[in-house]
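Before any comments, here is the structure.
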Amino acid sequence: MAAMSEIRHDWTRQQVLDLLGLPFADLMQRAHAVHRAHHDANAVQVSTLLSIKTGGCPEDCAYCPQAARYATGVDAEKLMPLERVLERAREAKAAGATRFCMGAAWRSPKDRDLPKVAAMIQGVRELGMETCATLGMLSAEQAQTLRSAGLDYYNHNLDSAPEFYSEIIHTREYQDRLDTLGHVRHAGLKTCCGGIVGMGETRAQRAGLLQTLANLPEHPQSVPINRLVQVEGTPLAGTALLDPFEFVRTIAAARILMPASMVRLSAGRAEMSDELQALCFLAGANSIFYGEKLLTTGNPDVLADQQLFARLGIHAMQITETSGTAHFEIVEVTHAGDSVAA
Ligand code: SAM
Ligand code: DTB
Ligand code: SF4
Numbered sequence: 001m002a003a004m005s006e007i008r009h010d011w012t013r014q015q016v017l018d019l020l021g022l023p024f025a026d027l028m029q030r031a032h033a034v035h036r037a038h039h040d041a042n043a044v045q046v047s048t049l050l051s052i053k054t055g056g057c058p059e060d061c062a063y064c065p066q067a068a069r070y071a072t073g074v075d076a077e078k079l080m081p082l083e084r085v086l087e088r089a090r091e092a093k094a095a096g097a098t099r100f101c102m103g104a105a106w107r108s109p110k111d112r113d114l115p116k117v118a119a120m121i122q123g124v125r126e127l128g129m130e131t132c133a134t135l136g137m138l139s140a141e142q143a144q145t146l147r148s149a150g151l152d153y154y155n156h157n158l159d160s161a162p163e164f165y166s167e168i169i170h171t172r173e174y175q176d177r178l179d180t181l182g183h184v185r186h187a188g189l190k191t192c193c194g195g196i197v198g199m200g201e202t203r204a205q206r207a208g209l210l211q212t213l214a215n216l217p218e219h220p221q222s223v224p225i226n227r228l229v230q231v232e233g234t235p236l237a238g239t240a241l242l243d244p245f246e247f248v249r250t251i252a253a254a255r256i257l258m259p260a261s262m263v264r265l266s267a268g269r270a271e272m273s274d275e276l277q278a279l280c281f282l283a284g285a286n287s288i289f290y291g292e293k294l295l296t297t298g299n300p301d302v303l304a305d306q307q308l309f310a311r312l313g314i315h316a317m318q319i320t321e322t323s324g325t326a327h328f329e330i331v332e333v334t335h336a337g338d339s340v341a342a
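What follows is the structure in structure tokens.
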């Protein structure tokens, strides 16, 4: 195995920009070497998403089909009943997902909703899957409550560079996001935190997002890199499309900056060719959302993903339960008998 890269939290903007600007082959070679040193390059972790509370959101995130203020055709629904959530989780497990991520179109959860979400988390865990939730901003106490319910991961994205943020969201501050991430870490939850590219940002602003992620007190254990899904009715519909190679560069730089993290090739795969996805895996992406739907928009169907994995010789990571502790771990089998916990 190649030498492990140092885990750093002191990246300068210029260093990240320099990475993004390397000749493509040099960047890919460097990212792939880091990837191999820290992970099984042929294993991809699969998570399934479910929108447990869809639409009607009071926030104004310019990319989001669930903001009540944009006419996107997404109707506001109530919180999904527990049994339906568990039914969907069972289906996800049967299809091979190891993590089940529940998303709600909330600015932040109301305290009266938390016991209902806690019951969902407990139920999903009992099925033998890792749990993740993305419910908006959290207080320190709410993060603790979710942890006590057995939540493994909390997804809360930075979404963009600090200096681009005010062009995308006006109803809450960048600092609010950093505060929520602090509460999540302090509660002992693992963080899933990334952003969106293709929103009309510059390369320097993509570098700003990556730099901020890498310089967090702890690297997020999962880093979702979303390519903007353009939805008619949102302010970002019609944004000039990002050069696909620039997207691959972003994945490669994320891999170099956060060597031990799982980098997720997240939203936007339905609009990507198999070849582009393969380049992203080569650049260090080792996690995907699996299942026909993200929250409200489409994702490649399960069969297409299984075929893509087979064509590329990729296997889905398996879940193991650490004896007696009700603690799940995804295990990346690197060589026969040689396991690396992710
Ligand atoms: N409401 C909560 C929040 O915003 O924190 C949780 C759900 S929200 C839909 C989770 C994330 O989905 C956003 O932070 C954003 O990164 C991503 N997302 C939403 N709409 C998207 C789109 N059209 N394209 C790509 N990513 C998107
Ligand atoms: C993340 O980074 N991407 C996911 C998940 N975390 C919650 C959401 C993608 C949403 C794409 C638009 C939609 O389906 O509504
Ligand atoms: Fe609401 Fe989350 Fe969509 Fe923003 S991203 S509008 S907070 S659901």
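Counting in our numbering, the sequence shown runs from 1 upward without gaps.
Backbone N, C-alpha and C fix where the C-beta goes; we use that ideal spot for every residue, glycine too.
Source: prediction; values computed, not measured.
Residue i (DSSP reduced to helix, strand or coil)
| i | result |
| --- | --- |
| Pro244 | helix |
| Met262 | strand |
| Cys132 | strand |
| Thr322 | Model confidence at Thr322 stands at a pLDDT of 43, short of 50, so the residue's coordinates are unreliable and nothing is read from them. |
| Val340 | In this predicted model, Val340 has a pLDDT of only 37, less than 50, meaning its place in the structure is not dependable enough to derive any value. |
| Leu303 | helix |
| Asp10 | coil |
| His327 | A caution first: His327 carries a pLDDT of 43, below 50, which makes its placement in the model unreliable, though a value can still be read off. It is a strand residue. |
| Pro224 | strand |
| Gln230 | coil |
| Cys61 | coil |
Contact test: residue i Cβ vs the ligand SF4 heavy atom, cutoff 8 Å
| i | result |
| --- | --- |
| Gln66 | yes |
| Arg227 | no |
| Trp11 | no |
| Cys193 | no |
| Ala76 | no |
| Ala353 | Residue 353 cannot be examined here, being either before or after the span of the chain that is shown, 1 to 342. |
| Asp60 | yes |
| Ala169 | According to the sequence as given, residue 169 is Ile; it is not Ala. Checking the Cβ of Ile169 against the ligand SF4 gives yes. |
Between the CA atoms of residue j and residue i - distance to the nearest angstrom
| i | j | result |
| --- | --- | --- |
| Pro89 | Val16 | Note on residue identity: the sequence assigns Ala, not Pro, to residue 89. Looking at the two C-alpha atoms, the distance is approximately 38 Å. |
| Leu242 | Gly198 | 5 Å |
| Gln306 | Ala3 | 32 Å |
| Asp40 | Gln14 | 30 Å |
| Glu275 | Glu141 | 45 Å |
| Gln122 | Met102 | 12 Å |
| Glu59 | Phe164 | 17 Å |
| Gln205 | His32 | 24 Å |
| Thr250 | Leu257 | 10 Å |
| Leu20 | Leu282 | 16 Å |
| Gln277 | Thr239 | 21 Å |
| Ser148 | Arg112 | 16 Å |
| Glu246 | His35 | 19 Å |
| Ala43 | Thr98 | 13 Å |
| Ser323 | Gln230 | Note that Ser323 scores 37 on pLDDT, short of 50, meaning its location in the model is unreliable and no value can be drawn from it. |
| Ala341 | Gly182 | Here Ala341 scores only 37 on pLDDT, less than 50, and its place in the model should not be relied on; the value that follows carries that caveat. The straight-line gap from Cα to Cα measures roughly 24 Å. |
| His315 | Lys93 | 16 Å |
| Pro109 | Ala270 | 30 Å |
CB of residue i within 9 Å of CB of residue j, strictly
| i | j | result |
| --- | --- | --- |
| Gly55 | Gln45 | no |
| Arg125 | Thr171 | no |
| Gly367 | Val263 | Any answer about residue 367 is impossible in this case: the structure gives the chain only from 1 up to 342. |
| Arg185 | Leu158 | no |
| Pro259 | Ser5 | yes |
| Ala214 | Trp11 | yes |
| Gly208 | Tyr70 | no |
| Ser166 | Gly195 | no |
Distance cut-off 8 Å: residue i Cβ against heavy atoms of the ligand SAM
| i | result |
| --- | --- |
| Tyr63 | yes |
| Val231 | yes |
Contact test: residue i Cβ vs the ligand DTB heavy atom, cutoff 8 Å
| i | result |
| --- | --- |
| Phe224 | It should be noted that the sequence gives Pro, not Phe, for residue 224. Yes, since a heavy atom of the ligand DTB falls inside the 8 Å radius drawn around the Cβ of Pro224. |
| Gly103 | yes |
| Val197 | no |
| Lys53 | no |
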